[in-house]
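Q: Mind looking over this structure? Questions follow.
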Amino acid sequence: MMSRNNGNDAAAKPVIRLDNISKHYQQGSETVRAVDDVTLQVLPGDFASITGRSGSGKTTLLSLIGGLTTPSRGEVEIFGEAMSSLNDDALSFLRANRIGFVFQFASLIPTLTAQDNVRLPGMFGEKPVSPKDAADLLAWVGLSDKLHNFPAELSGGQQTRVALARALTNHPSLLLADEPTGNLDVETESEILTLLRNLNRERGMTIVLVTHNPELAQHGTRHLVMQSGKLTENIIVNKEVLIRE
Amino acid sequence: MKQLKRASTSGIATAVLGFLIVITPIILPVCEGLLELASGKQVPMRCHWTARAEMLLGVLIFIIGLMITFLKNPQERRRLHHLVAMLGAATILTPIFIIPTCMNPDMACNLATKPALIILGGVVLLVGMAGSRTPSMPSSESTE
Amino acid sequence: MKEINLLTLALQNLRRKPYRTIVIGLCVAVATGSLFAATIVLRGVQHSLTVGRARLGADLVIVPDGYETLAQEAFITGQPSTFYMSDVAEKKISTLSGVNQTSPQVFVETLSNASCCIGEFFLVGFDPETDFTISPWLTTHLDGKALGPFDIIVGDRILLREGETVIFYGTDFSVVGVLEKTGMGIDRTIYVPMEGLRSMIANSETLAEQTLEISPNDLSSIMVSVKPDAEILDVAELIEANLDGVNVFTATQLNQAVGNQLQGVLGITFGVTASLWLMSLFTIGLVFSLIVNERQRELGILRAMGAKRKVIFQLVMGEAGLLTGLGGLSGLVAAGVLLTGFSRLIQLRLRIPYLLPNVFEIMGISLLLLLLALFTGALASLHPALSSSKMEPYAAIRKGE
Numbered sequence: 056m057m058s059r060n061n062g063n064d065a066a067a068k069p070v071i072r073l074d075n076i077s078k079h080y081q082q083g084s085e086t087v088r089a090v091d092d093v094t095l096q097v098l099p100g101d102f103a104s105i106t107g108r109s110g111s112g113k114t115t116l117l118s119l120i121g122g123l124t125t126p127s128r129g130e131v132e133i134f135g136e137a138m139s140s141l142n143d144d145a146l147s148f149l150r151a152n153r154i155g156f157v158f159q160f161a162s163l164i165p166t167l168t169a170q171d172n173v174r175l176p177g178m179f180g181e182k183p184v185s186p187k188d189a190a191d192l193l194a195w196v197g198l199s200d201k202l203h204n205f206p207a208e209l210s211g212g213q214q215t216r217v218a219l220a221r222a223l224t225n226h227p228s229l230l231l232a233d234e235p236t237g238n239l240d241v242e243t244e245s246e247i248l249t250l251l252r253n254l255n256r257e258r259g260m261t262i263v264l265v266t267h268n269p270e271l272a273q274h275g276t277r278h279l280v281m282q283s284g285k286l287t288e289n290i291i292v293n294k295e296v297l298i299r300e
Numbered sequence: 012m013k014q015l016k017r018a019s020t021s022g023i024a025t026a027v028l029g030f031l032i033v034i035t036p037i038i039l040p041v042c043e044g045l046l047e048l049a050s051g052k053q054v055p056m057r058c059h060w061t062a063r064a065e066m067l068l069g070v071l072i073f074i075i076g077l078m079i080t081f082l083k084n085p086q087e088r089r090r091l092h093h094l095v096a097m098l099g100a101a102t103i104l105t106p107i108f109i110i111p112t113c114m115n116p117d118m119a120c121n122l123a124t125k126p127a128l129i130i131l132g133g134v135v136l137l138v139g140m141a142g143s144r145t146p147s148m149p150s151s152e153s154t155e
Numbered sequence: 443m444k445e446i447n448l449l450t451l452a453l454q455n456l457r458r459k460p461y462r463t464i465v466i467g468l469c470v471a472v473a474t475g476s477l478f479a480a481t482i483v484l485r486g487v488q489h490s491l492t493v494g495r496a497r498l499g500a501d502l503v504i505v506p507d508g509y510e511t512l513a514q515e516a517f518i519t520g521q522p523s524t525f526y527m528s529d530v531a532e533k534k535i536s537t538l539s540g541v542n543q544t545s546p547q548v549f550v551e552t553l554s555n556a557s558c559c560i561g562e563f564f565l566v567g568f569d570p571e572t573d574f575t576i577s578p579w580l581t582t583h584l585d586g587k588a589l590g591p592f593d594i595i596v597g598d599r600i601l602l603r604e605g606e607t608v609i610f611y612g613t614d615f616s617v618v619g620v621l622e623k624t625g626m627g628i629d630r631t632i633y634v635p636m637e638g639l640r641s642m643i644a645n646s647e648t649l650a651e652q653t654l655e656i657s658p659n660d661l662s663s664i665m666v667s668v669k670p671d672a673e674i675l676d677v678a679e680l681i682e683a684n685l686d687g688v689n690v691f692t693a694t695q696l697n698q699a700v701g702n703q704l705q706g707v708l709g710i711t712f713g714v715t716a717s718l719w720l721m722s723l724f725t726i727g728l729v730f731s732l733i734v735n736e737r738q739r740e741l742g743i744l745r746a747m748g749a750k751r752k753v754i755f756q757l758v759m760g761e762a763g764l765l766t767g768l769g770g771l772s773g774l775v776a777a778g779v780l781l782t783g784f785s786r787l788i789q790l791r792l793r794i795p796y797l798l799p800n801v802f803e804i805m806g807i808s809l810l811l812l813l814l815a816l817f818t819g820a821l822a823s824l825h826p827a828l829s830s831s832k833m834e835p836y837a838a839i840r841k842g843e
C-alpha cells in the first residue's frame, strides 16, 4: 500500500544523499566550481526536478548522483552505499541494474533498430533483454509500431521515448534524466512528462529530472534550483511525497 | 531508401564486372595464330571463339547491371540478379567446357585470359547470388 | 537481430561508415594478400627445388665450358638448349677418385611443329644401363619391365599420355609413362633411351624435315654421383682440374642460380609488403583514434548504461580486430585465387621453378598471416581503446557534445 508524507520522515532512508559535495575543473589558470558545497537528500518515490540557467551545474550534479563523475570533495551515497567505497566495476553494476539514464538528444545507436537499442543495456545487466521484453517496453511508451525502425527514421520525440524505454530495461529503482525534452516541442514535452509522472506515481520510481523549464518542475514532488554551482532552493512542490509501507 | 542504395551498388558492380569481362580478351589476348586444316584452309584457333563468346556474355552482364541500377521494383531486381548469377556461371563454364581454350597449358589463352575470365565470372556469380537473396520488402518510412 | 553482444555491436559499428571500413579493409587486404603471395611463391620455389633435386638424382652435372648458364636454365625452366662435347670426357671422369657412377645425356630440341607440342621442347637421350635420374622412377612405375629403344617417358607438361605414339624427326616413339610434376624443367622434357635417340639422329637425314648434325660421340651433359665417403666439392674440383673444356655445377649451385634470379623480385616484393603493413598500422591507429573521438559521447552513454571499462576496451579492440581480420581474410582469399589462377604465368614470367606447397603448409601460412592482421588491428587500436575505456563517463559525454 502506498502512503504519502511531506518528505521529512526520518524513517525513510534516502535513495540519494549528498554531503557537502563539490566538483571543480581547471580551465587554464581558472578553477571552475561546477558544483559548490551541495547537501541534498532524495527520498524513495521523490520526483525531483533540478532547474537553473545554462552552466549552473545541474548536469554536473546529476552526473555526480549517477556516479558518472567523482566529486572533488564530499560524499555521495546511493541506496545507502558511499560511492567512494565502490570501485569502477561496482559502479558499473549499480548503473546497469539500479539506475536508469536518459540523456538529451537520446543518443541511440544509429545502426540498431529501436528494439535493439532497447535491448542494449541487457549486455551489461544481469541478464539479456529478450525481443519480447523490449517490444513490451516500447509498447508502454507508445511505439509498438516502430520496433524495426532505425533512429534516423524516428522523430525527436520518438527517439526520446526509445531512450526512456532503454533506461527502464533493467528495472531500475532510480531514473536520472538530463534534459530529455530539451529539443522537443511543447506538446511532445508534455507527453514525455506524462510518462515520467506515470512511472513515479504508478511504479513508485524515484526520478531526478534536469530541465531548463521551471514549469515542468511543478509536476514533480520537489523542485531544486541551481545557481553558479550552489543549490539555492529546495522546495517541496506538491506537499506530498510517496513512500512505500 | 537503403534498399535502393544497395541495389544501385550491386547494379553498378555488375555493370563494371560486365565491362571488365568484355575488355579482358583485349587486354589479355588469346592466341593469335591460325590453324591450317587438312584442306589447306586457315582458321582461327579455338580460343578465338571462346573470347568472342565471353565478350558477348560480358555485354549482357553489363546491360543487366545497368537495368538493376535504374529499376525500382525490388521483385524485378531480384529476378535480374538470378539472371546475373546464371551469366556468371556461364562465364566460368565457357572456357572450360563450352568452348574450351587450347590444350597446351602454356599458351596465351590459358596463361592469362582463361584464369582472368574464370575469376571475373566467379565474382559475377557471387554478386548475382548475393543480390538475389536480399529481402524484397521496402523499409518502412517514419510517419512523423 | 537475434543476439546483441560485443561482436554484433562491433559489426554494426563497422557498417556505419561503409566507405571508411572498405578503404581500411582494402589496405589490410592488399598488405596481407601481397605477403601471402610472396611467401607462397618463395615456398613454392623451395618446394620445387627440393622435389626437382631429388628427381635429378645427380650430385654433379658436367656440361661443355661456357654453357653452364644455358644448362641451368634448361634444368630450371625446361628451356631447350643444345650443346655438345666429346664422350671422352665421360670415360675420363669415371676413372677419377670419389666418382661413384656417371651417366651421359644428349640434348635435342624438338621441331617447332612437332605434333605433341606447341613450341620447342626438350628431347633428352639417356642410357638406361647407367642412368640414375629416370631409372628409380622406371623401377617403381614400370615394375622393372625393360624399356624398348623407342619407348619414351614424358614430363608432366608434355601433351602426351601413356599409350600414345608420336613422331620426332621422322621416327615413331610410344609413350610408356608420365613423370610426376616437379615445377622444374623436367616437366617439359621427353626422355628417350640413347639407342632410340641415336637411331633417330641417324635417320633424320632421310626421314625428317631437318637433318640433325650430332655425331655418335657427342654428349650434352654427364650426370655424376659421388661416393658416400667423398666430398662433392672436392670431386668437382678434381674433375675441373683433370679435364679441359668442361664446366661442373652442383645441385646447390643450381639452387643458388634460382635464388639469384629471385632475390631481386622477392626483395622488392617483401620490401613493398613491409611498407604496406606499416602504413596499415599507422592508418588504422589514426582512424581508430578518430573513431573513438567521434563516438566519445556514445561510449560515455554505454558506460552510463553500465558498461565496464573492460567492455569499452573490448568493443574498440574488437572493432579493429574484426576490421583487420575480415580485411586480412579477404586478402588471403583474393591472393589465393589469383595465385592459383595465374601460377603458370607467374612461373614463366619470373622464370622460376614453382610447385604449389602442400595444403597444410598453405593453411599454416594463411593462419599465421591472419593472426598478423589481427595483431596489427589490436596494436593499432590499443591506445584509443585504452584512452576511451579510462575516460570518466561524464567527461566522455561532455566531450562528445
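Line order of the protein sequences matches chains A, B and C. Reading the first sequence from the start, the letters are residues 56 to 300 in my numbering. Reading the second sequence from the start, the letters are residues 12 to 155 in my numbering. Reading the third sequence from the start, the letters are residues 443 to 843 in my numbering. Quick reminder that beta carbons are idealized off the backbone N, C-alpha and C, glycines included.
1) Any chance the segment 169-178 of chain A sits against the segment 736-749 of chain C, with 3 or more Cβ pairs inside 8 angstroms?
2) From serine 785 of chain C to valine 134 of chain B, what distance separates their C-alpha atoms?
3) Where alanine 683 of chain C and isoleucine 518 of chain C are concerned, what is the direct C-alpha to C-alpha distance, given to the nearest angstrom?
4) Work out the CA separation of threonine 20 of chain B and leucine 771 of chain C for me, nearest whole Å.
5) Quick one: list the residues of chain B neighbouring valine 779 of chain C, beta-carbon separation under 8 angstroms, in chain order.
6) Bridge partners for serine 616 of chain C per DSSP, in chain order?
7) Pull up the DSSP beta-bridge partners for phenylalanine 802 of chain C, would you.
8) Please report the distance separating the alpha-carbon of threonine 105 of chain B from that of valine 801 of chain C.
9) Please confirm whether arginine 221 of chain A and asparagine 142 of chain A have their CB atoms less than 8 angstroms apart.
10) Using the DSSP secondary-structure output, state which residues sit across from valine 548 of chain C in a beta bridge.
11) Our contact map puts serine 77 of chain A next to aspartate 92 of chain A with C-beta atoms below 8 angstroms; I'd like the distance itself, whole angstroms only.
12) Could you have a look at leucine 828 of chain C and say whether DSSP puts it in helix, strand or coil?
13) Can you list, in chain order, the residues of its chain whose CB lies under 7 angstroms from that of proline 69 of chain A, leaving out five sequence neighbours each side?
14) May I have the straight-line CA-CA distance separating serine 528 of chain C from serine 662 of chain C, to the nearest angstrom?
15) Using 8 angstroms as the threshold, is the C-beta distance between methionine 140 of chain B and alanine 101 of chain B below it?
16) Ignore the nearest five residues each way along the sequence and tell me which others in leucine 649 of chain C's own chain have a CB closer than 8 angstroms to its CB.
17) Considering Cα atoms alone, identify which of C:Val530, C:Ile482, C:Phe525 is closest to aspartate 686 of chain C.
18) From this set, A:Leu223, A:Glu132, A:Arg174, which residue's C-alpha is nearest arginine 258 of chain A's C-alpha?
19) Could you compute how far the alpha carbon of serine 58 of chain A sits from the alpha carbon of histidine 278 of chain A?
20) Between asparagine 152 of chain A and chain C, is any beta-carbon pair separated by less than 8 angstroms?
21) Just by C-beta distance, which residues in the segment 822-839 of chain C are closer than 8 angstroms to chain A?
22) Taking 8 angstroms as the threshold (beta carbon to beta carbon), is arginine 108 of chain A in contact with chain C?
23) Do leucine 491 of chain C and valine 700 of chain C have their C-beta atoms within less than 8 angstroms of each other?
24) From the beta carbon of methionine 148 of chain B, is the nearest beta carbon of chain C less than 8 angstroms away?
25) Please report the Cβ distance between aspartate 233 of chain A and leucine 146 of chain A, rounded to the nearest whole angstrom; I am assuming they are in contact, meaning their Cβ atoms lie under 8 angstroms.
26) Taking the alpha carbon of alanine 137 of chain A as the point to measure from, which residue in A:Val241, A:Leu73, A:His203, A:Gly107 has its own alpha carbon closest?
27) Whole alpha helix (DSSP H) runs in the segment 68-112 of chain B with 4 or more residues, listed along the chain?
28) Express the C-alpha separation of proline 85 of chain B and glutamate 604 of chain C in angstroms, rounding to a whole number.
29) If we ignore side chains and look at the alpha-carbon of each, how far apart do isoleucine 446 of chain C and serine 722 of chain C end up?
30) Among C:Glu622, C:Asn689, C:Gly806, C:Ala480, whose alpha-carbon lies nearest the alpha-carbon of glycine 508 of chain C?
31) Of all the alpha helix (DSSP H) runs that stay within the bounds of the segment 90-173 of chain A, which reach a length of 4 or more residues?
32) Does DSSP put leucine 677 of chain C in a helix, a strand or coil?
33) Taking all protein chains shown into account, do 16 or more other C-beta atoms lie within 10 angstroms of the C-beta of proline 846 of chain C, making it buried, or fewer, making it exposed?
34) Beta-carbon within less than 7 angstroms of valine 487 of chain C's beta-carbon, same chain only, minus the 5 sequence neighbours each way: which residues are those?
35) What are the boundary residues of the alpha helix (DSSP H) that includes leucine 73 of chain A?
36) Shortest alpha-carbon distance to leucine 865 of chain C belongs to which of C:Phe574, C:Ile595, C:Thr725, C:Gln695?
A: Straight from the coordinates:
1) Contact between the segment 169-178 of chain A and the segment 736-749 of chain C is present, because at least three Cβ pairs lie under 8 angstroms.
2) For the pair serine 785 of chain C and valine 134 of chain B, the Cα-to-Cα distance works out to about 19 angstroms.
3) Looking at the backbone, the Cα of alanine 683 of chain C and that of isoleucine 518 of chain C are separated by about 27 angstroms.
4) For leucine 771 of chain C and threonine 20 of chain B, the distance between alpha carbons rounds to 22 angstroms.
5) Listed along the chain, the chain B residues whose CB falls inside 8 angstroms of the CB of valine 779 of chain C are Ile130, Gly133.
6) DSSP lists C:Asp593, C:Thr607 as the bridge partner or partners of serine 616 of chain C.
7) Phenylalanine 802 of chain C is not bridged by DSSP to any residue.
8) Straight-line spacing of the CA atoms in threonine 105 of chain B and valine 801 of chain C works out to 28 angstroms.
9) Against a cut-off of 8 angstroms, the Cβ pair of asparagine 142 of chain A and arginine 221 of chain A comes out as no contact.
10) C:Gly567.
11) Indeed, because the Cβ distance is near 6 angstroms, the residues count as touching under 8 angstroms.
12) In the structure shown, the three-state DSSP call for leucine 828 of chain C is helix.
13) The residues are Gln96, Val97, Leu98.
14) In this structure, the straight-line span from the alpha carbon of serine 528 of chain C to that of serine 662 of chain C is close to 9 angstroms.
15) Going by C-beta atoms, methionine 140 of chain B is not nearer than 8 angstroms to alanine 101 of chain B.
16) Excluding positions up to five away in sequence, the list reads Tyr611, Gly612, Thr613.
17) Comparing Cα-Cα distances from aspartate 686 of chain C to each of C:Val530, C:Ile482, C:Phe525, the minimum goes to C:Val530.
18) For arginine 258 of chain A, the nearest C-alpha among the options comes from A:Leu223.
19) Model confidence at serine 58 of chain A stands at a pLDDT of 36, short of 50, so the residue's coordinates are unreliable; what they give is reported in the following sentence. If you take the alpha carbons of serine 58 of chain A and histidine 278 of chain A, they lie about 21 angstroms apart.
20) Closer than 8 angstroms: yes.
21) Of all residues in the segment 822-839 of chain C, Glu834, Pro835, Tyr836, Ala837, Ile839 have a Cβ within less than 8 angstroms of some Cβ in chain A.
22) It does not; no Cβ of chain C falls within 8 angstroms.
23) In this structure, valine 700 of chain C lies closer than 8 angstroms to leucine 491 of chain C by Cβ.
24) Unreliable placement is indicated for methionine 148 of chain B, whose pLDDT of 42 sits below 50; the coordinate value is still reported in the next sentence. Methionine 148 of chain B does not count as touching chain C.
25) That belief does not hold up - the Cβ atoms of aspartate 233 of chain A and leucine 146 of chain A are roughly 18 angstroms apart, past 8 angstroms.
26) Per the Cα distances, A:Leu73.
27) The segment 68-112 of chain B contains these whole alpha helix (DSSP H) runs: 85-104.
28) Near 56 angstroms, if we compare the C-alpha coordinates of proline 85 of chain B and glutamate 604 of chain C.
29) Straight-line Cα distance between these residues: approximately 30 angstroms.
30) Selected option, being the one with the closest Cα: C:Asn689.
31) 113-120, 143-152, all fully within the segment 90-173 of chain A.
32) Residue identity differs from the one stated: residue 677 of chain C is valine in this sequence, not leucine. Note: valine 677 of chain C maps to helix in three-state DSSP.
33) Because residue 846 of chain C is not part of the residues shown, which for chain C are 443 to 843, the question remains open.
34) So the qualifying residues of the chain are Val700, Leu704, Ile794, Pro795, Tyr796.
35) Note, leucine 73 of chain A: premise wrong, no alpha helix (DSSP H); beta strand (DSSP E) at 71-82.
36) Because chain C spans 443 through 843 in this model, residue 865 of chain C falls outside it and cannot be assessed.
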